[in-house]
Each structure stands twice: as C-alpha cells, then as structure tokens.
Amino acid sequence: MKLTLHVWRQKNPQDTGRMVRYDVPDVNEHMSFLEMLDVLNESLMLKGEDPIAFDHDCREGICGMCGFMINGKAHGGFKGTTVCQLHMRHFKDGDVIHLEPWRAKAFPVIKDLAVNRGSFDRIIAAGGFISVPTGSAPDGNAIPIRKQDADLAMDAAACIGCGACVAACPNAAAALFVGAKISHLGHLPQGQVERDRRALAMVQQMNIEGFANCTNIGECEAACPKEIKLEVIARTNHDYIKAAFTERPESEVAGAG
Amino acid sequence: MELISNAPAGPIEQSWDKHKFELKLINPANKRKYNIIVVGSGLAGGAAAASLGELGYNVQCFCYQDSPRRAHSIAAQGGINAAKNYHNDGDSIYRLFYDTVKGGDFRAREANVYRLAQVSVNIIDQCVAQGVPFAREYGGLLDNRSFGGAQVSRTFYARGQTGQQLLLGAYQALERQIGLGAVKMHPRMDMLDLIVVDGQARGIVTRSLYDGRIEVHMADAVVLATGGYGNVFYLSTNAKGCNATAIWRAYKRGALFANPCFTQIHPTCIPVAGEYQSKLTLMSESLRNDGRIWVPKQPGDKRAPASIPESERDYYLERRYPSFGNLVPRDIASRAAKAECDAGHGVGESGLGVYLDFTECIQRLGKHKIAERYGNLFEMYERITGENPYEVPMRIYPASHYTMGGLWVDYNLMSTIPGLFVLGEANFSDHGANRLGASALMQGLADGYFIIPYTIGNYLATAKPAKVAADVPAAKEAVANATAITKKLLNGSGNRTVDSFHRELGKIVWDYCGMSRNEAGLKKALSLIPALREDFWKNVRVLGANEEFNQSLERAGRVADFFELAELMCIDALDRKESCGGHFREEYQTPEGEALRDDANYSYVAAWQYQGEDRAPTLTKEPLTFNYVKPSQRSYK
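Just so you know, the sequences run in chain order A and B. Offset between the first sequence (1-based) and this note's numbering: plus 4. Offset between the second sequence (1-based) and this note's numbering: plus 950.
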C-alpha cells in the first residue's frame, strides 16, 4: 500500500519545528509501524536527508521507550497496543497519517518524535518504591498475599512508563502513571508501611514537574497500551487525602528504640 | 597469561560462605570515599548500583536508554529459577546446581554455579519484599511452574512479564538511591572506552546521546553490566539498542573475552516475515509446558494445520526425547526444529517454522486457564501475526536470544583488568555452553544484589587505588580514541546505510556461526566478514554531526564493533573442535545427531586476548574440573 505521512520535524529543543510531508510507497501489511518508519528512514538517508528521530528499543511492547501520536491518538489508539506492536494491516492504501511527539510541558521534545521523560523517573525516585535494602528481606512465603490482591497489584504494575497517558490527557496530567505505582505497591502488604509517605511524595513531585491535575476525563485509560484502569487514580486520591490529614511531621528525635 | 579463577578450594557447599568471610571489608565511614561506575541498568547493573548505593559507596550509573527502567531485562517473559523447594517436589540447591552444570553441557565453573544456586533463594525473598507481584496460589503463597531442562517446578513468575517486574523492583530500589543522592544516574549515555591507569580500570569515556558531548568519568572501580551481544545476528530477540560496545572496547583494553562462540538460539520465536523485519519476538519457553510441538510427517505438506489428521503429524520432540518431551533444553529444541525444517517439514510461507499447538491443553484445562497462564503472550502473537493461537497453532522458529560467552571473570566477577568487574549476561561465568530457561534473571540479580557488593569491597580494600586526575594521559588517549572513531564514521561519504551492513553481517553470522557450524563455513565467514568490514568503513553513510541527537551515528559505532566481535566468534567456533550446548559443530555429533563433546581436549574456558588491529588474538585456557557433577553425555531421552 501507499501512504502519505505528515511528520513533526524539530531539529533540537530550541527549534520551532514544523510538519513535513513524506510519501511512502510499498508498505507491507505485515510490517510494524516502526519498521515502516525504518524503511522510510533508509530511503531518506540514501537521499542525504536527515532521518526521522523516534525512540524505540525492545519493539515488543514492554520497555516503554517508543510512542508518539498517530492522527492525534497516543500509540495510534488501538486497544492495548504500543506503536512498536502496531502493524500496518490496520491501515489501508492511500491513508494520510499525521505523526507528532508526546505533547506535554513535562516532556520536552529532544528531536522530532523523541521526548525527554526524565520527570517520570523523578516521580518514582520521590516515593515509588518499598524501602528494603538488599539482604534485609524475610522469606518470600513469610507473608501470604491474597491471590486477588497479588493480581490487582500486577494489573497496576504492568505500567511501562511510556507516557501515553500524559500525551492523551487534555491537561497533560500524570495521574494514571502515578496511580499505577501507588496501586501496585498499595495492594501489597509490603507496601503498607510507606503508603502515606509515598502518596504525598509522589503527588508533590508530580506537581513540581509541571504535570497538571486530573479532571477525570478518562482519555488516559483509553490510550494506555497496558490497559491500566482509571480506578488507580481514585486510589491515589484516597491515599493522598488520607495521608494529608493523618501524616505528621517526622519526629525530631530519631530512633524508635 | 595465566587465568586464576580464585574459586575457593574445599567443600563446595561451604566455599561461598568461607570466601565471604575471607573477603576484606571497608568500614561504613570509608565507603563514601570510593567512587564506583556501573555501566548498564538492567537486572545486574540496576541491582548492583542500588545495592552499592545502599552500602554507602558513591555510585554513578550509566545507560543508553532514556531511563534505567527500559533495560532489556524488562522483556524477559517466563520466570526466574530458585531452589526454594516450596512445592516439595525434590528440589534443592544441589539439584539446581546440578541441572545448571549439566544444562550448560559441562562448560561452566562449578564453584560459580553452586553459588548461583545458593543465592537464588535470597533473590526471591528480596524481590517479594520489594513488591514484585509474583503469581500466587489461593492460599496466598508463591506459585511455581516448570521450565525447560528441569523436572521440578522451581520457576517463579509474574504472568508473562517476570523480567519486567523484577527489573521494576531493581529500578525502584535504584531510584530510591538516586533520590537519596547515593547514586547519580546518567541516562542516554554510551560508554565508548575504558580508561586503564597503571593496569587498573579507573574510568570510562562516554558520549551523551543528547548532544554528542564526550566526557571522562573517573572512579576507583568500574562495573560493566551491559548485557550480551545477540544483536551480532542483526535479527534477534534483543532490543534494537542492545550492543557489545562497552565489553568490546574493554576487550581491546586488555580484558579477555571468554567463549564468544557460545550463543543461545531460542527455540520459540515468531518466524521472520520479510526483508524489512527489524527484530524477532520471543514466545516464552513456558508455552512448552502446555503446547505440543509438531510438523507434518509429509514434507512440503501445505494443508491447514486443522486438516492434517493426528496420524500424519510428527510430535518430534516427544518422539525423540520421551522423558523430557517438549521440555528439552533450548539448544536441543532449536536444533531439532532446524533439522525438521531442513528436511522439508517446515510450515508457514517460508517453510521456516514448526507448530506449537494448544488444542489439547485447551480441551483439557479450558480456555480460561490457558488465558490466565499465557493470555498476554497469545495477544502478542495475534498482534504480530494476525492469527489467533486459541484457534490456529502458533508457528515458531528459533532465533538468537542470549549469549553465554562474555568477558572472562574470576570467582569475584573481576575481569583480567584489575578493578573491572563484569556482571550478568556481559560475563561468561555461569551458563557454560547453554543456558537453561529462567536462569538469566537469576544470574543477573545474583551478581548485582548478592555477589558484587561483597567482592568489590575486597578489591578496594586490597588494591587501595590511588587518586587519579581526569586528565591523566590514559584518559586523554581514550578520549582521542573515541573521538577518532566517531569522526571516521561521519567522514564516510558512501552509499550504504548502517542497517544494510548490519543485516548482511547478521546473515553471515547466522548462516555460518548460528545453530550449526562446520569448518568450511566458519572459514568462509572468516573471509567474508573482514571484507564486509572493509566495505563498511569505505561505504557506510552516516549523516549529520556528532554534536546532536544522531541515532544513525549511535548505531554505526555499535555495528562497527559487531564486525570485530563476529570475527572473534568464528575464530573461537573454529578452534573448538567439539560440539557442546549451543555450539554444534557438524563434524562432531553422535550417530543420533546429538552434540558430541570432547572432554579430554576441550574441557576448558577459551579466553581470547586482543593483540592489536590486524593481528590474531591469542588463546588462553582456563581448565575446568568437575568434582561434583561428573561429565556425561547429556541425555534428555
């Protein structure tokens, strides 16, 4: 099939950027979307034109490195699919496709379709963990966990940190990303000790990074390639509100013993 | 050069405990005076950086991705082994040790493998405490499944995303240390050279992938955890960015490279669809627990699978290996699939595929049970192929997946360059000539969480590295070297892209140094590769400049190193005149077509030393002795 692409080209973070048209002949339906771009890039390079920059790595939908807007939808808007796993059989001859990077203040563009998502790492660093130094763990079966809880934790833990939720959100909120981690750890007995602190710290960092607030629109859930449920956001709100009322400043005299 | 393994003498059950006690310690207040560089942020690197940060060292961690959470450990699907014996089915540390040595076809160091089996139990505890949501049974306890090459259920898993969950555990521990200021993270950085001062590894040269800035980072010890070199084949299950540049440039600085020809071809991957294909996708080995592998008995039978009656199907693994059946180790399953396809029994358009059929287990267990076990894998398969595996058998074919070879390390995981430690897939240490399923995650985390924190302290306490400035001649020379390579790549005004060279290289390596090898083929590869490499340096076209986000330039440097590594693989494969594990030399096989080892002459680790451009590398052997698991013809019949 033959496709027409309009791709956002931006040389560097300072550049203003523009849409550029490319005609792609001979697209095979079994190609992945990124393979189609590989083929286009090969032809651009042979013509001496700068290839389109896009992030990608595992190409099997798990590393979370790839992602851009296809016709205004994050990862193309196909259910549970990252762009590396999107195959061209979903398109037809003559289609016109617009490609743009994730748009969010907290995700500055590096070049073309590649953005900087370091803000996500800083949110995790603020509180998205269980503090358990290596070597200090009890036996793995010491604390039984209800299967339902383990499954719910796993549902939320499936988040790949790609940023589609932010890109899809009209507010560019990171609520689904934050909620996924809060739910993952909050469903497990091991995650209870730091639950309040975690909610306060992660939400605070989210605000510092310039992500806006959630207004329950739900675009994030629709765009999420791992189908993380909107209810994780309710859990953040629950934990955050509870913590905001009950968390006390740390005692100045440390050492409980 | 003599290779000293430093493996402790005495009863193997006590050797690690004894060794740990003998290792020198650094007092907590002094740890912060030491700087450690960790390159790579996967299971091995992420776990190491986090654990060393927790201990109080000053750690700098580097990765090429935009975040440490993207490291390719994340793509591991099936599970992680541990000798917990939670299922009362006869597992033990000794049995895991035994299975791993045997599975590796008696080409691994016994002491290392025993230690790996020992710490496997601590790994599970650590991960559970971090919040890794392993699969559970209704009673709330951890679930296990069986895996290729084992007759006990010792594999812990988190759906089909075990690697992801383990990596997120390590990543979160690492982020915690970053937040606390103990670890400084450098994402989107390539390591381009190793800085060796007075014979000790003292730093690295990096290139920022954002803007091409070349930087020098000095330290008291350098840890490489940069994964394997499976992408030498171009098509592999590795991530697109996985590369051997860090270990290769360390090799060129004097670290010995061990067993480069030991590569693992995974039996269950989605077959190649076309020339444009950029990578291959694994279908977890765990599928072989329930799926049955078969081909039509009649060569060239093009009927749809459903219309081929039972009597005209050949369940060749069950036929050839009745006791392990579909669960034979990877090397054996891969070769068997190749043999069937070579004999014309292959299925699919290309004829390079075999069926992995779930019809029977769906009838036995119900679709919901299969969906619960493998749902995400089935979805992934359908997304890629457009076929529904609940209704049509999967088509699978072997693909490059893992590399057992890597930089040589001693029992302390230190390479032949003092102060340079190598962890995880990047080293050669634990899997011999073939890795068992669910053992890579185990080794990465063992090295990172439970071994390097002990052994690196001993090195620092004994070697007492002196302070060196970032402008020592060795650092300047390394920067000049890195800059020169980049310049040379950008100067090419040829007419071929980096990928087209990589694809051609991959095909040569796959054809002559892939699932089976022979002398004539390897010699041919050794004439083709240097010629293609020469052409690469003349005719590769890399656009743009160094001082920008330049993905073609990144790739070009990595492919340049793959050319040299491919040659070393073939040299090693040619030199090893026996078959073992993933290294199958057609000249050396049993009458039944199984790998025929030559223990009298080849029971050693082949470690290669760089001698300079255009000079043949020299071979040093580390003899292997087996005091516990007596080498035998591996039989899974």
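No residue lacks a Cβ here, since even glycine has one placed at the ideal position from N, Cα and C.
Bridge partners - residue i, DSSP secondary structure assignment
i, result
"Asp200(A)", "The partner list for Asp200(A) (beta bridge, DSSP) is empty, contrary to what the question assumes."
"Lys1134(B)", "Gln1010(B)"
"Ser1164(B)", "The sequence shown places Ile at residue 1164(B), rather than the Ser named in the question. Ile1164(B) is bridged to Arg1157(B)."
"Val988(B)", "Cys1011(B), Val1173(B)"
"Thr1568(B)", "Gln1559(B)"
"Ala1349(B)", "His1216(B)"
"Tyr1517(B)", "One point to set straight first is that residue 1517(B) is Glu, not Tyr, in the sequence displayed. In the DSSP output, where bridge partners are listed per residue, Glu1517(B) has none listed."
"Ser36(A)", "His91(A)"
"Pro1573(B)", "Tyr1554(B)"
Nearest residue (CA-CA) to residue i, options the options
i, options, result
"Ile1220(B)", "Gly1113(B), Tyr1538(B), Pro1339(B), Phe1212(B)", "Pro1339(B)"
"Glu963(B)", "Arg1152(B), Arg1065(B), Ile987(B), Lys1580(B)", "Arg1065(B)"
"Trp966(B)", "Ala997(B), His1037(B), Ile1402(B)", "Ile1402(B)"
"Phe1576(B)", "Asp1281(B), Gly1090(B), Pro961(B)", "Pro961(B)"
"Ala1424(B)", "Cys1463(B), Gln1114(B), Ala1254(B), Arg1152(B)", "Arg1152(B)"
"Gly1648(B)", "Ile1521(B), Ile1406(B), Arg1314(B)", "Residue 1648(B) lies beyond the stretch modelled for chain B, which goes from 951 to 1587, so this question has no answer here."
"His79(A)", "Gly98(A), Lys96(A), Ala157(A), Asp59(A)", "Asp59(A)"
"Asp1075(B)", "Asp125(A), Val136(A), Gly132(A), Leu156(A)", "Val136(A)"
"Ala240(A)", "Cys224(A), Lys51(A), Arg202(A), Arg252(A)", "Note that residue 240(A) is Thr in the sequence shown here, rather than Ala. Taking only the C-alpha atoms, the option nearest Thr240(A) is Arg202(A)."
"Leu1373(B)", "Phe971(B), Arg1086(B), Asn1062(B)", "Asn1062(B)"
"Asn1551(B)", "Val1146(B), Tyr1361(B), Glu1528(B)", "Glu1528(B)"
"Leu180(A)", "Val28(A), Phe82(A), Glu223(A)", "Glu223(A)"
"Tyr1462(B)", "Leu1315(B), His1452(B), Leu1524(B), Leu1440(B)", "Leu1524(B)"
"Ala1194(B)", "Gly1204(B), Gly1178(B), Gln1313(B)", "Gly1178(B)"
"Glu1310(B)", "Glu1341(B), Arg1199(B), Gln1114(B), Thr1366(B)", "Glu1341(B)"
For residue j and residue i, the rounded distance between their alpha carbons
i, j, result
"Val1082(B)", "Gly1296(B)", "40 Å"
"Pro1137(B)", "His191(A)", "30 Å"
"Pro55(A)", "Ile1154(B)", "30 Å"
"Glu1544(B)", "Pro1348(B)", "17 Å"
"Ile1197(B)", "Gly1356(B)", "8 Å"
"Thr1335(B)", "Ile232(A)", "25 Å"
"Glu1262(B)", "Gln1248(B)", "7 Å"
"Ser1103(B)", "Gly1562(B)", "48 Å"
"Ser991(B)", "Ala997(B)", "8 Å"
"Val31(A)", "Lys1134(B)", "44 Å"
"Lys96(A)", "Met40(A)", "13 Å"
"Ala1293(B)", "Gly1303(B)", "12 Å"
"Met1519(B)", "Gly1382(B)", "15 Å"
"Asn217(A)", "Ala176(A)", "8 Å"
"His268(A)", "Gly68(A)", "Limits of chain A in this structure are 5 at one end and 261 at the other, which puts residue 268(A) out of reach."
"Asp143(A)", "Asn1072(B)", "8 Å"
"Asp155(A)", "Ala1475(B)", "50 Å"
"Ala1254(B)", "Arg1345(B)", "12 Å"
"Ala248(A)", "Ala238(A)", "15 Å"
"Met158(A)", "Glu225(A)", "16 Å"
Collapsed DSSP secondary structure at residue i in the structure displayed
i, result
"Pro1246(B)", "strand"
"Ala1085(B)", "coil"
"His969(B)", "helix"
"Trp12(A)", "strand"
"His60(A)", "coil"
"Cys1530(B)", "strand"
"Leu1142(B)", "strand"
"Ser1379(B)", "coil"
"Ser1502(B)", "helix"
"Tyr1184(B)", "coil"
"His91(A)", "strand"
"Asp1251(B)", "coil"
"Gly1281(B)", "Residue identity differs from the one stated: residue 1281(B) is Asp in this sequence, not Gly. Note: Asp1281(B) maps to helix in three-state DSSP."
"Ala1256(B)", "helix"
Contact test: residue i Cβ vs the ligand PLP heavy atom, cutoff 6 Å
i, result
"Arg1584(B)", "With respect to small molecules bound, the structure shown includes none, and the ligand PLP cannot be examined in it."
Selection of the region 143 to 158 of chain A by Cβ proximity to chain D, strictly under 7 Å:
The structure shown contains no chain D; the protein chains it does contain are A and B.
At least 3 beta-carbon pairs within less than 8 Å: the region 103 to 117 of chain A vs the region 1037 to 1057 of chain B:
No contact exists between the region 103 to 117 of chain A and the region 1037 to 1057 of chain B.
Inter-stretch contact at 8 Å, needing at least 3 Cβ pairs: the region 1387 to 1401 of chain B / the region 1531 to 1547 of chain B:
Touching, no.
Stretch-stretch touch, CB-based, cutoff 8 Å, three pairs: the region 1095 to 1105 of chain B with the region 1229 to 1241 of chain B
Yes, they touch.
Can we say the region 1035 to 1046 of chain B touches the region 1557 to 1572 of chain B, given the rule of at least three CB pairs closer than 8 Å?
When C-beta atoms of the region 1035 to 1046 of chain B are compared with those of the region 1557 to 1572 of chain B, fewer than three pairs fall below 8 Å, so the two segments do not count as touching.
Please confirm if the region 1174 to 1187 of chain B is in contact with the region 1452 to 1462 of chain B, defined as three or more CB-CB distances below 8 Å between the two stretches.
Taking a contact to require three or more Cβ pairs closer than 8 Å, the region 1174 to 1187 of chain B and the region 1452 to 1462 of chain B qualify as touching.
Closer than 8 Å is the cut-off here; do at least three beta carbon pairs connect the region 45 to 55 of chain A with the region 1475 to 1494 of chain B?
Touching, yes.
The region 1031 to 1044 of chain B contacting the region 1429 to 1438 of chain B, beta-carbon criterion three pairs below 8 Å
Verdict: no, contact absent.
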